[in-house]
Every structure is written in structure tokens, then in C-alpha cells.
Amino acid sequence: MCEQRQTMIVTGNGAIHAEPDQGTIQIGITTHAEQLTDAQAENTERSKSVVDRLTALGIQQSEIQTSHFSVSPQYDYIDGQQRFRNYEVQHQLHVTVKDISKIGEIIDAAVQSSATEVSAVQFGISNSSELYEHALSKAVQNAQTHAKALAHEAEVVLNQVPLHIQEEAGNSVMPYPIQMAKMSAAPGIEPGTLEIQATVTVTYSYR
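Here our numbering is used: the first residue of the sequence shown is 9, the next is one more, and so on.
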């Protein structure tokens, strides 16, 4: 009769810290006018002003992309009556910044050149896949350390070759919020360091 295999399941975590080397900014231009053509024309002019200012700072056209564009009528509700107020045109630009030392300057330039909002800044690492592989390796080693400790305490013999390794979903980088207001000087944005995490669930057998 076959001996029933005993198993244990452990979780391993690994993390790598690194300085970001790129960033993204979401810039919005919103305009209003009673005539749709006027709202669109003003938005186009303001958007061009923002793009021209960014390219003057060294941002490539390919690094400036429209992420959202919408046109919608706006209404007031007075005494239960819906009354047309104006048209609203929204244009959102997704800007990639390769030189993160310029992020504060770019935010200030965008706002001073007719942008109405900066929704967020997010820092990233260009070689994040390679760093994640290192974090994943550390996570597997961490799981093995846990398994050995459990086997020692339980006085059992651990089979160090795992039966199964399950990679968990990785974490995402949280955006850095920016105050949506006119700024008299370039804001001091400190990217700090980013943490790339990996988590695995590993099944071991023992006897």
C-alpha cells in the first residue's frame, strides 16, 4: 500500500528596491463655451500651447499621447427645469518623461501654458522586468527558508524539490498626487525609490 504523501504550503516574498528612471504625467485641458465650435477652438489652441511648451523642454512628440478626448453639453437644473449652460471639451494628455529631474519643471510649464489640471505623476523603471525576476528569485528562496524552518520545528524530513510553485500577481506602482492649481514655481517632486515585489506560494512534500 502506497504511503500517503504529506505536504505543506508556504508563501515566499521577495523585494527589490531601485531608483526610478522614468515617469509619466497626466495633463488635462478643459474649456467651456456656449458654442461648440468656440469650445473646441479654444481647447485646440490651449492644447497646442501645452504641447509646444513641452517639446521646447525636450519632450518628443511620440512621448505625448492623447489618452482621453470628450465633448459634452453642460446643464443647470433650476426649479426642476433642465437649462443648457455650455459645452465642455476635455482633452487629456499622457506624457512620458525620460529625464525625471525635469518633472517638476514640466508640470509647472504645462500649468503655466494653459493646462487646467495635472491629475497624477507616476514613476517607473525601464528595466522593471529584469528586476522583477530578481525579486521572484528572492521570493522562492524565502519560501524555501520558511519550509525548512517548519520542517525543523515539526521534526520531519523536507523534500527540497517543490511539488508546485504558484506565482502571485505582482504589485503596481502607486501614482504621486499633484495639487491641481496654478504654481508660481516648479514643484519639488522627490521620486525616492520604488519597491518591486514578488510573491509565490510553494508546495513541498515531507516525510
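We put the beta carbon where it would ideally sit given N, CA and C, even for glycine.
Kindly list the residues whose CB is nearer than 7 Å to the CB of Asn51, restricted to its own chain and excluding five residues on each side of it in sequence; keep chain order. As a position in the sequence shown, residue 51 is number 43, starting the count at 1. Excluding five sequence positions before and after Asn51, the CB atoms of its chain that fall closer than 7 Å to its own CB belong to Ile37, Thr39, Val97, His99, given in chain order.
Please determine, among Pro170, Leu202, Gln14, Leu101, the residue with the shortest C-alpha to C-alpha distance to Gln69. Position 61 of the sequence shown, counted from the first residue, corresponds to residue 69. Cα-wise, what sits closest to Gln69 is Leu101.
Across which residues does DSSP place Glu96 in a beta bridge pair? Translated into the one-based positions of the sequence shown, residue 96 becomes position 88. Glu96 is bridged by DSSP to His40, Ser80.
Coil, strand or helix - Gly132 by DSSP: Indexing the sequence shown from 1 puts residue 132 at position 124. Note: Gly132 maps to strand in three-state DSSP.
Please list, in chain order, all residues of the same chain as Ser78 whose beta carbon is under 7 Å from its beta carbon, the five residues on each side excluded. Residue numbering aside, residue 78 sits at position 70 when the sequence shown is read from its first letter. Gln98.
Just to confirm my understanding: we take Leu166, look at its own chain, exclude 5 residues before and 5 after, and list those with CB closer than 7 Å. What are they? As a first step, residue 166 must be located in the sequence shown, where it is residue number 158. Answer for Leu166: Ala155, Lys156, Ala159, Tyr212, Tyr214, listed in chain order.
Please tell me whether Gly22 and Ala177 are closer than 7 Å, where the distance is taken between their beta carbons. In the sequence shown, residue 22 corresponds to position 14, counting from 1. In the sequence shown, residue 177 corresponds to position 169, counting from 1. No. Outside cutoff.
Compute the Euclidean distance between the alpha carbons of Glu71 and Ser145, then round it to the nearest angstrom. By one-based count along the sequence shown, residue 71 stands at place 63. By one-based count along the sequence shown, residue 145 stands at place 137. Distance between the alpha carbons of Glu71 and Ser145 is about 33 Å.
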